[in-house]
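The block underneath contains the structure these notes are about, expressed in structure tokens.
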Amino acid sequence: MAQTAQERIRKVHDTLTRAERQLAGTILENYPMSGLGSITRLAEKSGVSSPTVARMVQKLGYSGFPEFQAALRDELEAQITGPIAKREMWSKAAPQGHILNRFTDAVIGNIRQTLASVPPGEFDAVAALLADESRAVYIAGGRITHALSEYLHLHLQVIRRHVQHIRTTSNAWPHALLDLEAGDVVVIYDIRRYENSTLKLAEIAAAKGAKTVLITDQWQSPIARHADYAFNCRIEVPSAWDSTVTLMLLSETLIAAVQEAAWERTRDRMGALEEIFDATKIFRKFV
Numbered sequence: 001m002a003q004t005a006q007e008r009i010r011k012v013h014d015t016l017t018r019a020e021r022q023l024a025g026t027i028l029e030n031y032p033m034s035g036l037g038s039i040t041r042l043a044e045k046s047g048v049s050s051p052t053v054a055r056m057v058q059k060l061g062y063s064g065f066p067e068f069q070a071a072l073r074d075e076l077e078a079q080i081t082g083p084i085a086k087r088e089m090w091s092k093a094a095p096q097g098h099i100l101n102r103f104t105d106a107v108i109g110n111i112r113q114t115l116a117s118v119p120p121g122e123f124d125a126v127a128a129l130l131a132d133e134s135r136a137v138y139i140a141g142g143r144i145t146h147a148l149s150e151y152l153h154l155h156l157q158v159i160r161r162h163v164q165h166i167r168t169t170s171n172a173w174p175h176a177l178l179d180l181e182a183g184d185v186v187v188i189y190d191i192r193r194y195e196n197s198t199l200k201l202a203e204i205a206a207a208k209g210a211k212t213v214l215i216t217d218q219w220q221s222p223i224a225r226h227a228d229y230a231f232n233c234r235i236e237v238p239s240a241w242d243s244t245v246t247l248m249l250l251s252e253t254l255i256a257a258v259q260e261a262a263w264e265r266t267r268d269r270m271g272a273l274e275e276i277f278d279a280t281k282i283f284r285k286f287v
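Note that full-length UniProt numbering has the sequence shown beginning at 1, numbered continuously upward.
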């Protein structure tokens, strides 16, 4: 799968000059729309020269600014594409192999590229935040990703106290933020087509001084502007629907890391939960 312009920028960021980093910041601030104007407009907005823009897009592997903009337009089209249009575009170039193999190959590719883009230091920092019981944790998702947010909430609730699931589809979701304090952690899942409710949630959380963790797709939700940490997960597969396998992988890995960071506490809470299960006879026992 081709790298997005955003992924290319992040990959070469450490090799950029001061002016190029300034330019990169402008591009990423309102990505990809920020790069769709003229080269002169982008240079002026970034406070750099037009030749600086031309040099940097070549560093990213594009032949020039027109090719860079064409890539951005393709990404923007991909972001706003609905399920029916997605299926029609894919089927034109569908391979002959069985769907089991084609789909699995796509998912494995997504996993490889996603893991390659996750900075271990940022992952560890987020795991430490989630393990810190002095901070409350709030978790939210969207129309599709609410299932992932519920999954993360269910497991973190066993590991630690003060974990709350925010149902952003409800008119009552602002109530959940009444107790949000500076330093608390807000985890938000948001993939294309990005939702206004989760964006507003992120804006409020940032205004309250919370630490926001965004789990999003390769094009990156607008929530990134308000996030302290953002993990970009590959989601494209040969289907009308996007795949959330990589988001689930990242979520389960975070759960494992948080569990290990506070194992004694986790073990005690697991034991107490099992006693409650036994008392309520929720699960069958065969011995």
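Glycine included, each C-beta is placed from N, C-alpha and C at the ideal position. Fair warning: this is a prediction, and the values are worked out from it, not measured in the lab.
Where residue i sits in the DSSP three-state scheme
i, result
"Q157", "helix"
"W90", "Low confidence applies to W90: its pLDDT is 49, below 50, so where it sits in the model is not reliable enough to give any reading."
"Q3", "coil"
"T145", "coil"
"D105", "helix"
"H98", "coil"
"K281", "coil"
"D74", "helix"
"D228", "coil"
"T244", "coil"
"Y31", "coil"
"V258", "helix"
"S63", "coil"
Residues that DSSP places opposite residue i in a beta bridge
i, result
"I204", "Bridge partners of I204: none, in fact."
"D217", "C233"
"Q164", "Y138"
"K211", "V185"
"D132", "Paired residues: none, contrary to the question."
"D190", "T216"
Nearest residue (CA-CA) to residue i, options the options
i, options, result
"N171", "N196, K45, A147", "N196"
"Y229", "V237, A210, Q164", "A210"
"W219", "T17, L273, R73", "R73"
"L239", "D278, S50, A106", "Before going further, note that residue 239 is Ser rather than Leu in the sequence given. When each option's Cα is compared against that of S239, the closest is A106."
"I139", "M270, E236, Q58, I215", "I215"
"A2", "P120, A43, T52, L60", "L60"
"D190", "R18, T212, I159", "T212"
"A5", "P66, A227, A202, L250", "P66"
"G121", "A257, F283, Y151", "A257"
Assigned exposure category for residue i - 16 Cβ within 10 Å defines buried
i, result
"N232", "buried"
"T145", "buried"
"G142", "buried"
"E20", "buried"
"E275", "exposed"
"F68", "buried"
"A205", "buried"
"T104", "exposed"
"M56", "buried"
"P32", "buried"
heavy atom of the ligand FMN below 7 Å from residue i C-beta
i, result
"A172", "Because no ligand of any kind appears in the structure shown, any question about the ligand FMN cannot be addressed here."
### Query
Just checking, does the segment 21-31 make contact with the segment 131-141 on the three C-beta pairs under 8 Å criterion?
no
### Query
Just checking, does the segment 240-249 make contact with the segment 106-122 on the three C-beta pairs under 8 Å criterion?
yes
### Message
Measuring CB atoms only, is the segment 28-48 touching the segment 256-263, in the sense that at least three cross pairs come out at less than 8 Å?
### Response
no
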